[in-house]
Amino acid sequence: MNDCLLLPLRQTAAGARSVVGWEASWLPLGEGEAEGLPAGGGLGWKPVAVPEQQAATSGRSAIWYRSRFPRPDHNGRVVLRLGGAFLATHVWLNGRLLGSHYGYFAAFGFDVTSHLRPDNLLVICCESPIETDLTRKRHVMGIFNDGDSRPYPDSAWFSLPEPYRWEVPVGLWRPVELEYVGPVIIDWLHLQPRLVAGDSGRLEVEVRLRNLDGRQMDGELLLELVRPEGPALRLRRQVRLAGGAEITTSLGLNVAGARRWSPWRFGEPSLYQAQVSVSVQGRPSAEVRESFGFRDIRVHAAQDGWDVRINGQPAFIRGANYTPSLRLDQLDADLFRADLELAREANLDALRVHAHVLPDEFYRLADEAGILVIADFPLTLAYAYHATAEEARFFETVVRDQVPEMVRQLRNRCSIFFWVAHDDPPWIAASASLADVHAVRQNYTIDQEIKASIDQLDPERTALAASGELDQHSWLGWKAGSWSGFGDALPAFLTEFGAQAAPTLDSPVWRQLSTRWPLRGDDPQWLYAGFHLPCWAERGAGLPTDFPDLASFVAAGQEYQAGLLAYAIDQARKRKFEPCWAAFPYQLCDSFPGIGFGLVDAARVPKAALAAVREAFAPVRVIIDPVGFTPLQPWGFGYRSERPVGLRLIIVNDDPSLRGSAELRWFVVRERSLETRGNSWFRDAVRRKSFSGSVSVGLPSAVEPALQATNLTLPLAAGNYRLETELRAAGRAPVQSSLAVQVRAELPEPRRRPQLPSYLLERIVVHDSLRPDLEGVRFTLRNLTRPAVLAGLDDLRLDGRPLVQPRLSLETDSGRVPLPRTLDLPFGRDLTVLVELDFPLEPGDHDLELDLNLPGVASGRARVSGRIRPDEALSGGWK
1 MNDCLLLPLR QTAAGARSVV GWEASWLPLG EGEAEGLPAG GGLGWKPVAV PEQQAATSGR
61 SAIWYRSRFP RPDHNGRVVL RLGGAFLATH VWLNGRLLGS HYGYFAAFGF DVTSHLRPDN
121 LLVICCESPI ETDLTRKRHV MGIFNDGDSR PYPDSAWFSL PEPYRWEVPV GLWRPVELEY
181 VGPVIIDWLH LQPRLVAGDS GRLEVEVRLR NLDGRQMDGE LLLELVRPEG PALRLRRQVR
241 LAGGAEITTS LGLNVAGARR WSPWRFGEPS LYQAQVSVSV QGRPSAEVRE SFGFRDIRVH
301 AAQDGWDVRI NGQPAFIRGA NYTPSLRLDQ LDADLFRADL ELAREANLDA LRVHAHVLPD
361 EFYRLADEAG ILVIADFPLT LAYAYHATAE EARFFETVVR DQVPEMVRQL RNRCSIFFWV
421 AHDDPPWIAA SASLADVHAV RQNYTIDQEI KASIDQLDPE RTALAASGEL DQHSWLGWKA
481 GSWSGFGDAL PAFLTEFGAQ AAPTLDSPVW RQLSTRWPLR GDDPQWLYAG FHLPCWAERG
541 AGLPTDFPDL ASFVAAGQEY QAGLLAYAID QARKRKFEPC WAAFPYQLCD SFPGIGFGLV
601 DAARVPKAAL AAVREAFAPV RVIIDPVGFT PLQPWGFGYR SERPVGLRLI IVNDDPSLRG
661 SAELRWFVVR ERSLETRGNS WFRDAVRRKS FSGSVSVGLP SAVEPALQAT NLTLPLAAGN
721 YRLETELRAA GRAPVQSSLA VQVRAELPEP RRRPQLPSYL LERIVVHDSL RPDLEGVRFT
781 LRNLTRPAVL AGLDDLRLDG RPLVQPRLSL ETDSGRVPLP RTLDLPFGRD LTVLVELDFP
841 LEPGDHDLEL DLNLPGVASG RARVSGRIRP DEALSGGWK
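Residue numbering for the sequence shown is 1 to 879, as defined by full-length UniProt numbering.
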């Protein structure tokens, strides 16, 4: 697939220069070739900036570039380097095809020395095909062509009108340069530092050299190790390369008094630099520099649980998912530094680059900041389902080509925590909602192959075949179930959870979003901006139509997101090591200007969740764990006044410098009483005086599980209360926590299931398909979303009349069968459901209302309509 040089490292021996003065034209590859664009011909060329990410849409997914440059004044070899091009790239110089490359994240190029003229024409075509059958997709773009981290999320099911279009990146998003080198270059450099006895280090180095010349070359390889604790160490070796040959050479150095690289919370992120140069006939030919660190990090991941060791000690990892922007051309070192500092200020140890590979600068800066990084290969959800044999082969081939590119680009980074082959693949148990795509274990074989390839290329680190198999993605309170379910969950390594929230009112993001009010929940601009209408309606803060103004909607959504994240983190940390080893909210920042999952929005303006997560991840925390409560909707802890309020106070400690004894104080503050008559105020005041106390505790160490300090049972009168705690240890500032609870004689009723929005309903049910049947009525399901599972069909009401335990049947080729508890809904196939009735229907118009639950797709109320003619009603065989 790739017939080019792979260039993960810059060759700095003789410098480089950028190619400038670009023009562009949009035309499919085949049409462009037919019109002579590789030779600079054709019409419609217009000036264009490079680097700059473009947008591919249906019918406009290939862009051509051309630029002219003079022959460089360099008497060695000239390598054309493309720092980043999306996605399939073809390159011509002076009308001659140099070759092609597939993939968006890796640098590549060509030796153009023999093709140069006094004046040169460079032509590049980049293609990014548009795929709308997402389970069948075959192009490896990760988050860019599927999932919920992009504009026009897949949950909108291609329902939006113009001007909202499904698009993916395309084009030259990194500079195009001419690198000046000698005859021998360095393809890649593999650094393998390890700690041996005591503080001694050993650095093993593998270097791949390539001779660009057709003649044999004799030269010298120099390894220079720059270290903070002493003078540089040097090692030289003579090399010989046949014309056009490649060789791999190994070197090794002992490093006395090696300093460890540690994540920032566990020590100093000490770095070394290896400089490798090759000279031919005494003249510099190529030189590369790589930083690295001596680290002691072990990750064990298995069905029986996880174990994470940093510097030999068990460690609970506090992290977040990270997708800084979908505009690759806008990612730079300043943004990465600011985001890494934001992560540290939020008490995070690690970031997961979710189904994506970022530019190399991010990982280098993560090394410097001491932030661990979970590195995903850019695969998410399903690929090549029902694809042709040719399409399936293409997908597997490009995956096999790109895995080594990713690993060789990143494996020297000491911040890499572990690798992930595929995010949420269809074959894991958690993807059962994908129905047939899950049942056939789609992508299982290639995912195991990816894992094996990574294991071979980087045997020192753990690689997972899937994220969502041994680690957990829990969308309680958003896509499924109540947020209170985190109290019963037992995750081993929680890598996804969260909820959306709108940007803060004063954020510049609102300049790109509609602020008119009232606003419909299915407003196309909001749906395009990522608004997950069904999740907001059923489990989140509610729809825009539920609020009097934008300010109250924003406040409620941010309160819900902050509360859910804090509660989930508390529940994970209270199970520290037993069995939970990590918690990663989704995500640190919104990846585009919209309504997203970030703790901060795309403009980096904080939401309420940032402070909540910072507090929940504090090194020392008193977790107030409510017991026996009723979850209020959308958010809150409710208790009935005839029962006492139960609370556990739990201490978790990640600070290795904190140990010994401490005093834990607690007291109850009544924020508002609901009793206002007679002696009720006096009784409540008397009760309140006794609701405080303290207990002496021995603090758990940083390498021990959380400790339950005390258990509280409080007979509170009706009202709103806040429990305040304060942990006091000698020489430390007090650690404070609080939790609000509501006590009521009668708790609010759960809100009714929301109506499915029309754009979603019409992709699941034929809305006018209600028809009479000899035994009742029937209607048609037609799934136009993705392969899915019907997991619930409940609370049926015909013309407002509840149907008590109606018998439901499914029409099949072999006759009618009882409706199964779960029913696969293939894409585009009509399925007829029969509802048996024990009463006849009158002629006229009728409506059937019901609750539908398609996990991962839709959940809510649906209405099916139809008209019954007089002759149909009379012919029915009613019971």
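All C-beta atoms in this analysis are idealised placements derived from N, C-alpha and C, irrespective of residue type, glycine included.
Per DSSP, which residues does residue i bridge with? Please list them.
i	result
Ala788	Leu825
Leu280	Contrary to the premise, residue 280 reads as Val rather than Leu in this sequence. Per DSSP, Gly219, Arg283.
Phe667	Ser692, Glu724
Arg867	Asp845
Asn653	Val620
Lys576	Cys580
Val170	Gln54
Thr780	Thr832
Asn853	Gly792, Ser859
Thr249	Val207
Glu290	Ala274
Measuring CB to CB, does residue i end up less than 8 Å from residue j?
i	j	result
Glu368	Pro263	no
Ile595	Phe667	no
Arg215	Arg202	no
Phe294	Ala274	no
Val19	Glu179	no
Leu87	Tyr104	yes
Thr832	Thr780	yes
Asn94	Leu134	no
Tyr152	Asn2	no
Ala501	Trp478	no
Asp447	Ala466	yes
Val669	Leu714	no
Val777	Leu848	yes
Arg150	Ile143	yes
Pro129	Ser67	no
Tyr272	Val308	no
Arg797	Thr725	no
Leu77	Asp119	For the record, residue 77 in the displayed sequence is Arg; it is not Leu. No. Outside cutoff.
Ala608	Ala562	yes
Ala480	Pro855	yes
On the criterion of 16 or more Cβ atoms from any shown chain inside 10 Å, does residue i qualify as buried, or is it exposed?
i	result
Phe553	buried
Ser58	exposed
Asp423	buried
Val686	For Val686, the pLDDT reaches just 42, beneath the cut-off of 50, and the residue's location in the model is therefore unreliable, leaving the point undetermined.
Lys576	buried
Ser431	buried
Leu43	exposed
Pro324	buried
Leu828	Sequence check: residue 828 is Gly here, not Leu. Exposed.
Gly30	exposed
Thr300	Per the sequence presented here, residue 300 reads as His, with Thr not at that position. His300 should be labelled exposed.
Gly319	buried
Phe839	exposed
Asn653	buried
Gln456	exposed
What is the C-beta distance between residue i and residue j, in whole angstroms, given that I count them as a contact (C-beta under 8 Å)?
i	j	result
Ala541	Ala529	At roughly 16 Å, the Cβ-Cβ gap does not stay under 8 Å, so Ala541 and Ala529 are not in contact.
Arg648	Val627	6 Å
Ala537	Pro754	4 Å
Arg461	Trp419	6 Å
residue 881	Trp173	Nothing about residue 881 can be reported from this structure: the residues present for the chain run from 1 to 879 only.
Gly171	Cys126	5 Å
Trp581	Trp188	Rounded, the Cβ-Cβ distance is 33 Å, inconsistent with contact.
Ile650	Ala709	7 Å
Ala718	Arg744	6 Å
Following a CB-centred definition, is residue i positioned closer than 7 Å to any heavy atom of the ligand HEM?
i	result
His767	This structure does not include the ligand HEM; it has no bound ligands of any sort.
List in chain order: all unbroken beta strand (DSSP E) runs of 3+ residues lying wholly within the segment 683-745.
692-698, 707-714, 719-728, 735-744
Jot down the residue ranges of each uninterrupted beta strand (DSSP E) in the UniProt domain "Glycoside hydrolase family 2 catalytic" (309-429), minimum 3 residues, whole runs only, in chain order.
317-322, 350-353, 372-376, 416-420
Identify every run of the alpha helix (DSSP H) within the segment 17-69, keeping only runs that are complete inside it and at least 4 residues long; order them along the chain.
29-34
Uninterrupted alpha helix (DSSP H) stretches inside the segment 474-559 (no shorter than 4 residues)
524-528, 533-538
Complete runs of the beta strand (DSSP E) confined to the segment 102-177 [at least 3 residues]:
108-111, 119-127, 168-172
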